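Worksheet: one structure, shown below.
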Amino acid sequence: MNDNNTQIGIMGTSVLRQLDEPHLDFLHSRAYSGGFDLRHYGVQRIWQFDLRTFGSYVEGSTEAIRRTQVSTGHLFQRPDASWVELNPARTSLAGHGGSMKIAKTAGTFRGSFKVKWKSPGLELNDIGFMQNTDNITQSIWLGYRRTKPVGIMRNFYINAFQWNAWNFGGIREYSGGHLSLNSQFSNFMSAEIGTDVNGGQLSSTALRGGPRLLIPDNWKHWIWFGTDSRKNFYTDIFVNMQHSGNELNRGNYMDWDLEWNISDHINVSVSTDRSINRDVFQYVSTITETADPRYILARLNYESAGLQMGLNINITPDFSIEYRGRFFFSAGAYDDFKRITDAGNPDYEKRFELLTSRLTPDGDVYYCDEDLDGISDYRFDNPDFVFNSFRSNLVLRWEYLPGSVLFLVWSQDNHMNSDFNHLTLPGNIRDLRNEIPYNIFLLKVSCRMGR
Numbered sequence: 006m007n008d009n010n011t012q013i014g015i016m017g018t019s020v021l022r023q024l025d026e027p028h029l030d031f032l033h034s035r036a037y038s039g040g041f042d043l044r045h046y047g048v049q050r051i052w053q054f055d056l057r058t059f060g061s062y063v064e065g066s067t068e069a070i071r072r073t074q075v076s077t078g079h080l081f082q083r084p085d086a087s088w089v090e091l092n093p094a095r096t097s098l099a100g101h102g103g104s105m106k107i108a109k110t111a112g113t114f115r116g117s118f119k120v121k122w123k124s125p126g127l128e129l130n131d132i133g134f135m136q137n138t139d140n141i142t143q144s145i146w147l148g149y150r151r152t153k154p155v156g157i158m159r160n161f162y163i164n165a166f167q168w169n170a171w172n173f174g175g176i177r178e179y180s181g182g183h184l185s186l187n188s189q190f191s192n193f194m195s196a197e198i199g200t201d202v203n204g205g206q207l208s209s210t211a212l213r214g215g216p217r218l219l220i221p222d223n224w225k226h227w228i229w230f231g232t233d234s235r236k237n238f239y240t241d242i243f244v245n246m247q248h249s250g251n252e253l254n255r256g257n258y259m260d261w262d263l264e265w266n267i268s269d270h271i272n273v274s275v276s277t278d279r280s281i282n283r284d285v286f287q288y289v290s291t292i293t294e295t296a297d298p299r300y301i302l303a304r305l306n307y308e309s310a311g312l313q314m315g316l317n318i319n320i321t322p323d324f325s326i327e328y329r330g331r332f333f334f335s336a337g338a339y340d341d342f343k344r345i346t347d348a349g350n351p352d353y354e355k356r357f358e359l360l361t362s363r364l365t366p367d368g369d370v371y372y373c374d375e376d377l378d379g380i381s382d383y384r385f386d387n388p389d390f391v392f393n394s395f396r397s398n399l400v401l402r403w404e405y406l407p408g409s410v411l412f413l414v415w416s417q418d419n420h421m422n423s424d425f426n427h428l429t430l431p432g433n434i435r436d437l438r439n440e441i442p443y444n445i446f447l448l449k450v451s452c453r454m455g456r
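Those letters in the sequence shown? Residues 6 to 456, by our numbering.
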């Protein structure tokens, strides 16, 4: 409406299931959701106002609704969340969410103010995707855009963000900020540098239904550089380093990309990445056999490596070949196992009790003698892992008539897990080669009828 300066949208969804078999009781029998969105531009579209609101309602057996309440997206069983209650007798659940934003989207100086929320009972996963609820976030963005050359820079952008988050109990869970500079130089090369900081976070999900856990703050610094993308040979590199203020957590990530237009008909691309991370509060297990739940965490030393290759060949305007293949290897080694004793204590050392001297490894299991009486009190699985994979797609495309296309696709998936806890790439590749891959062949033909 209003010469396209005002836009309104409405959406509704419905999922109805006939659940005659008892083993399907974990599913919702009814799931409804609906939403409304409004976008309005001011004079010359300099200012913009966005409003979105949505809601959900699900029905099901007591088992289905209980599973929804305790799932990672809701966690109604949290002992320190008085504003939600786990009710095993419930047969329905309702919730709402939305966002509001006011933004200046044109000119040298730009910015926005945004608030969004999702209530604890919101459930959209029957026909959508939703990771978490019970949050209210606020953010402010300020930007400066310079489009005229300044020295060696053809243009540059400066962005600054600030954010806060609360739960529906009114408790602030985290705060943070962002500052970055992006520029294109007079030789058409580009670069970006930036920093993110998140203050100590009271995480409602780290203990998977336990009390809020105070997680160390996180600092992230990155730099990116890219050559002239107009050239036949293009490359860029991204380096990211993160750490907590007390150096408990650390992480490094690097990504390098290369693209080569060999001719007007052939394009080759290669991308590789490598990461090494340490996280002192990685969830391992919840022990429920004891009088009080035991929340077991550990220090995770994680590393990964990846390689992606691509080839595009346009033999004629009507016939082309495209190939994509990716190797991925990751490994995690856990140590410094600990039991959470005071999850929100400001003193890091007082949040937990180390279990290292009380654990006895036995194959894939750890036995814990918590009271040191010579008898195991509980056990949990050894979480160490290695994951190797190779996935690829080969696509032949033939437009045999204008608008009518034939596709022949070969998709391959090869992956494996092992119990080691570190990467030895030659060994990982050898192990992967010994696996039998899963191959899929697809043929698709589309025919355009009429003009």
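Positions of the beta carbon are idealized from the N, C-alpha and C atoms, including for glycine. Values in this document were obtained by computation on a predicted structure and should not be read as measured data.
C-alpha distance - residue i paired with residue j, whole-angstrom precision
| i | j | result |
| --- | --- | --- |
| R344 | N223 | 22 Å |
| D389 | Q417 | 27 Å |
| R95 | G214 | 19 Å |
| M16 | G40 | 5 Å |
| S249 | R363 | 28 Å |
| Q206 | V89 | 20 Å |
| C452 | W403 | 12 Å |
| G78 | S309 | 27 Å |
| V450 | L316 | 23 Å |
| N419 | H427 | 20 Å |
| I281 | R83 | 32 Å |
| R279 | L430 | 12 Å |
| R255 | N245 | 11 Å |
| E294 | Y37 | 37 Å |
| F59 | L218 | 30 Å |
| S104 | Y353 | 35 Å |
| K119 | N306 | 36 Å |
| S276 | D85 | 45 Å |
| F134 | G148 | 31 Å |
| D269 | L263 | 17 Å |
| T200 | Q247 | 9 Å |
| P154 | R115 | 19 Å |
| S234 | N319 | 20 Å |
| F333 | G311 | 4 Å |
| P442 | R72 | 35 Å |
| V202 | I445 | 44 Å |
| R150 | S188 | 10 Å |
| Y339 | T361 | 11 Å |
Supposed contact pair residue j and residue i - C-beta distance, whole angstroms, cut 8 Å
| i | j | result |
| --- | --- | --- |
| S76 | D139 | So it is not a contact: roughly 12 Å between Cβ atoms. |
| S97 | I107 | With 8 Å as the limit, S97 and I107 do not qualify as a contact, their Cβ atoms being about 35 Å apart. |
| V414 | N398 | 7 Å |
| W227 | D241 | With 8 Å as the limit, W227 and D241 do not qualify as a contact, their Cβ atoms being about 13 Å apart. |
| S144 | W122 | Going by Cβ atoms, the distance from S144 to W122 rounds to 12 Å, so no, they are not a contact pair. |
| A348 | P216 | 5 Å |
| G330 | F395 | 7 Å |
| D386 | D369 | 6 Å |
| F357 | A303 | Wrong, their Cβ atoms sit about 10 Å apart, outside the cutoff. |
| T232 | M194 | 6 Å |
| E197 | L184 | Actually they are not in contact, since the Cβ atoms of E197 and L184 sit about 12 Å apart, beyond 8 Å. |
Cross-strand partners of residue i (DSSP beta bridge)
| i | result |
| --- | --- |
| P366 | Y371 |
| R384 | Y372 |
| D241 | G231 and D262 |
| I220 | Q206 |
| D418 | R396 and Y443 |
| E294 | According to DSSP, E294 bridges with nothing at all. |
| E252 | Paired residues: none, contrary to the question. |
| F286 | DSSP lists no partner for F286. |
| N350 | None; N350 has no bridge partner. |
| A165 | L147 and L184 |
| H5 | Since the displayed the chain opens at 6 and closes at 456, residue 5 lies outside it and no answer follows. |
| A211 | Bridge partners of A211: none, in fact. |
| L413 | L401 and L448 |
| F334 | A310 and N393 |
| S423 | V391 |
| G315 | S274 and R329 |
| F324 | T321 and W403 |
| M158 | V155 and F190 |
Beta carbon proximity, residue i to chain C, threshold 8 Å
| i | result |
| --- | --- |
| F230 | Within the model displayed, chain C is absent; a lone protein chain is all it includes. |
| Three or more C-beta pairs closer than 8 Å, one from the segment 65-74 and one from the segment 38-52: is that the case here? | no
| the segment 8-18 / the segment 28-35 touching (three or more Cβ pairs under 8 Å) | No, the segment 8-18 does not touch the segment 28-35.
| the segment 122-131 contacting the segment 144-159, beta-carbon criterion three pairs below 8 Å | The way I'd put it, the segment 122-131 doesn't touch the segment 144-159; fewer than three beta-carbon pairs between them come closer than 8 Å.
| field | Any beta strand (DSSP E) of 3 or more consecutive residues that is wholly inside the segment 15-96 | value | 33-46 and 52-65
| said: Give the list of continuous beta strand (DSSP E) stretches no shorter than 3 residues that lie fully inside the segment 96-131. | reply: 97-109 and 114-123
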